[in-house]
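**Q** One structure follows; several queries about it will come next.
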Amino acid sequence: MDKKQVVTRYAPSPTGMMHIGNLRTALYSYLIAKSQGGKFILRLEDTDQARHVEGAEQVIFDTLRVAGLKYDEGPDIGGPHGPYIQSERKEIYLKYADMLIKSGKAYYCFCEKKSDTPHDEEQIIAPTTDPCRELDADTVAKNLSLGKPFVIRHKVNREGTTHYYDHVYGDITVQNDTLHDIILIKSDGMPTYNFAHVIDDYLMGVTHVVRGNEYVTSTPQYVQLHKDLGFPLPEYYHLPLIMGQNADGGVSKLSKRHGAVSFADLVALGYLPEAIINYIALLGWHPAQSDQEIFSLQELVKVFDANDIRKSSAIFDYNKLKWVNSQYILKMTPQEFREHAEPYLANTLTREVFDIDKLYEILQPRVQIFSEIGEKVQFFQELIDFDTNILYNDKKKTNPENTREILTKAIENLSKVELDDWENDILYQKLEEIANSTGYKPISVMWVVRIALSGQTVTVGGATEIMQILGKSETLIRLQTTLNRL
RNA sequence: GGCUCCAUGGUCAAGCGGUUAAGACACCACCCCUUCACGGUGGUAACGCGGGUUCGAUUCCCGCUGGAGUCACCA
């Protein structure tokens, strides 16, 4: 007997940006399906028209595409269970709500809206049943005919307990008297998430519900809804949240104050989509008995096992992300690196250099994220009036006298080098000759030349590499400029 | 506050009754060396506390403490 095909979905609401936590939910949802040869569906949950942001759908489509999370059904590609946008499915929900009312599992409620402010701290009290729960049929009919605004609430069973099994957290049981008569249909006729996702998951054949663990405590409500609707219960996977480290040492749900948190922000900073996916996959999951940390999406599909999802939340570590990103950069071919680096480089370096290939070559192992390229190549653009005292260094055995001599000799020697020979090894020989003829250590010569050319003590590349990149004339100009300033 | 969940180094994270308690990031030192980076070697650093169960607990149970989530006509 064949097992039923696994179907998962990712169901974001189009509110603007793609939070990294949402992306990880999408990733795990994708992996749970694909690692078992299943299907992955995208559905847009836009039942809150007030929060809708123009163009947000496109952000979701683009992010999933760039991240490589291909869905088998979705708003922009269609499928047998469409439409995949909840606002277009309004009638469907109404039909099911009506069914529930008829079977006595839901009721009209004409009460005033409670409050718009989400967390009225002091108002947190034990749930009670709504007064409208017991309204007689005549009153309801009268109110309806008067056109009084209403919502439809679920009539939960408040006796006993409700239980479900979660594949990450195990058995979850709650006392039913902690449950609310949640709203199914809002006064504008739109369903709430609570209702819509249950209907859609059933209708779309979703077998495995994968979502953040902020839903663990509300899931019992949905379990009752399934029962009252006569729907089979899906498999549940609630994922640990991704947290951010606060300045005061505490932690809380990852948000903007922790740094870049949207996929687009991270990409703009110069993180590679593959690296981001790789890193967030590791936030809450790791293959058992393995040390591997670098995974392509294809590899993840192969090795992913939902049993290895951890229960505790993980703190997002930008350092580690950087490292993962650097691993991907290191693996790039020179051409690939160049293509990615070029836009960042062009931002800072606008003048022509003699050997741009060499520049890319020395940059690749030194760049962790592309946005740091600018600061690293700034000195190639222009030599600033640096503090010449940095030329003198006891460890390198340089002082005002020998520095002047080294610079003078360097200019002399280097101006004799043919343009065809303007290349690292030959340049190194030329500088070495100065050391040999003067008795200074090679490192003293290299130190002086490198700083005279760059104006800084820490540079990408050594003295001769910098010369090779700058070219002969610029090298000589810079050495002379620095010499003149001594 | 009620409810639900969680708890191994600063962070990620192996471990699933007996281990010198892996590995990675970060940090430090050394090596390589024309600085930096890459690479290599090594180092600092952890089982929250208290009770049980057991010959033996990081591992199982209970309590405590700490943390998180949730209690919307948001999802």
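The opening residue of the first sequence carries number 2 in the working numbering; numbering runs sequentially from there. Using N, Cα and C, we set each Cβ at its ideal position, and we do this for glycine too. Note that the structure is predicted; figures quoted are calculated from it, not measured.
(1) Any heavy atom of the ligand NAP closer than 8 Å to the Cβ of histidine 239?
(2) Starting from the C-beta of leucine 28, find all residues in its chain whose C-beta is less than 7 Å away, skip the five residues before and the five after it, and write them out in chain order.
(3) Suppose you measure from the CA of lysine 442 to the CA of lysine 397; what does that come to, to the nearest Å?
(4) Does the region 229-239 come close enough to the region 166-184 that 3 or more CB-CB pairs lie under 8 Å?
(5) Is it the case that the Cβ atoms of arginine 352 and glutamate 373 are separated by a distance below 9 Å?
(6) Taking Cβ positions, are isoleucine 183 and isoleucine 93 nearer each other than 9 Å?
(7) In the structure shown, what three-state DSSP assignment does leucine 180 receive?
(8) Going along the chain, which residues of its own chain have a beta-carbon closer than 7 Å to the beta-carbon of isoleucine 444, five neighbours each way excluded?
(9) At which residues does the alpha helix (DSSP H) containing serine 253 begin and terminate?
(10) Would you decide whether proline 15 is buried or exposed? Buried here means 16 or more other CB atoms lie within 10 Å of its CB.
(11) On the three-state DSSP scale, how would you describe tryptophan 286?
(12) On a Cα-Cα basis, can you pick out the residue from Arg339, Ile173, Asn214, Leu95 that is closest to arginine 311?
(13) Which residues in the same chain as arginine 486 place their Cβ atom closer than 8 Å to its Cβ, once the five residues preceding and following it in sequence are excluded?
(14) Helix, strand or coil for histidine 20? Go by DSSP, reduced to three states.
(15) Once DSSP output is grouped into helix, strand and coil, what is the label at aspartate 201?
(16) Hey, how far is the Cα of phenylalanine 111 from the Cα of threonine 179?
(17) Within the region 199-236, note down every full beta strand (DSSP E) run reaching 3 residues or more, in order along the chain.
(18) With DSSP as the reference, identify every bridge partner of valine 45, one or two as the case may be.
(19) Quick check on the burial criterion: 16 or more other C-beta atoms within 10 angstroms. Buried or exposed for glutamate 402?
(20) Only counting the same chain, and skipping five residues up and downstream in sequence, which positions put a Cβ closer than 6 Å to that of alanine 68?
(21) If we ignore side chains and look at the alpha-carbon of each, how far apart do threonine 404 and isoleucine 330 end up?
(22) With the cut-off set at 9 Å, would you say leucine 136 and histidine 155 are in Cβ contact?
(23) Of the residues Pro233, Trp324, Ile243, Gly190, which one's Cα is nearest the Cα of arginine 212?
(24) Which word fits glutamate 113, buried or exposed, when buried means at least 16 other C-beta atoms lie within 10 angstroms of its C-beta?
(25) With burial defined as no fewer than 16 other Cβ atoms inside 10 Å of the residue's Cβ, what is the status of alanine 12: buried or exposed?
(26) Rounded to the nearest angstrom, what separates leucine 1 and phenylalanine 151 at their Cα positions?
(27) In three-state terms, what does DSSP make of histidine 168?
(28) Hey, how far is the Cα of lysine 254 from the Cα of glutamine 225?
(29) Can the beta-carbon of leucine 322 be found less than 9 Å from the beta-carbon of leucine 267?
(30) Taking C-alpha atoms, which residue in Leu270, Ala265, Gly245 lies nearest to arginine 258?
(31) Would you give the residue range spanned by the beta strand (DSSP E) that methionine 244 belongs to?
(32) Are the CB atoms of leucine 415 and lysine 473 within a distance shorter than 9 Å?
(33) Let me know the alpha helix (DSSP H) ranges lying completely inside the region 354-405, each 4 residues or longer, listed in chain order.
(34) Could you give the distance in angstroms between the alpha-carbon of glutamate 315 and the alpha-carbon of isoleucine 295?
(35) Per DSSP, which one or two residues make a beta bridge with glutamate 74?
(36) I believe histidine 489 touches serine 219 by the beta-carbon criterion, under 8 Å. Please report the beta-carbon distance rounded to the nearest angstrom.
**A** Short version:
(1) What this structure holds is no ligand at all, so the ligand NAP is not there to describe.
(2) Leu70, Ile278, Ile281, Ala282
(3) 8 Å
(4) yes
(5) no
(6) no
(7) coil
(8) Lys397
(9) Taken as a continuous stretch (DSSP letters only), serine 253 belongs to no alpha helix (DSSP H), being part of the beta strand (DSSP E) at 252-254.
(10) buried
(11) strand
(12) Asn214
(13) Asp386, Thr389
(14) strand
(15) helix
(16) 22 Å
(17) 209-213
(18) The sequence shown places leucine at residue 45, not valine. Leucine 45 pairs with Ile86.
(19) exposed
(20) Pro274, Ile278
(21) 38 Å
(22) no
(23) Ile243
(24) exposed
(25) buried
(26) Nothing can be reported for residue 1, as the shown portion of the chain is limited to 2 through 487.
(27) coil
(28) 29 Å
(29) yes
(30) Gly245
(31) 243-246
(32) yes
(33) 357-364, 374-382
(34) Residue identity check: residue 315 is alanine in the sequence provided, not glutamate. Their Cα atoms are separated by approximately 18 Å.
(35) Ile42
(36) Residue 489 is absent from the model: the chain starts at 2 and stops at 487.
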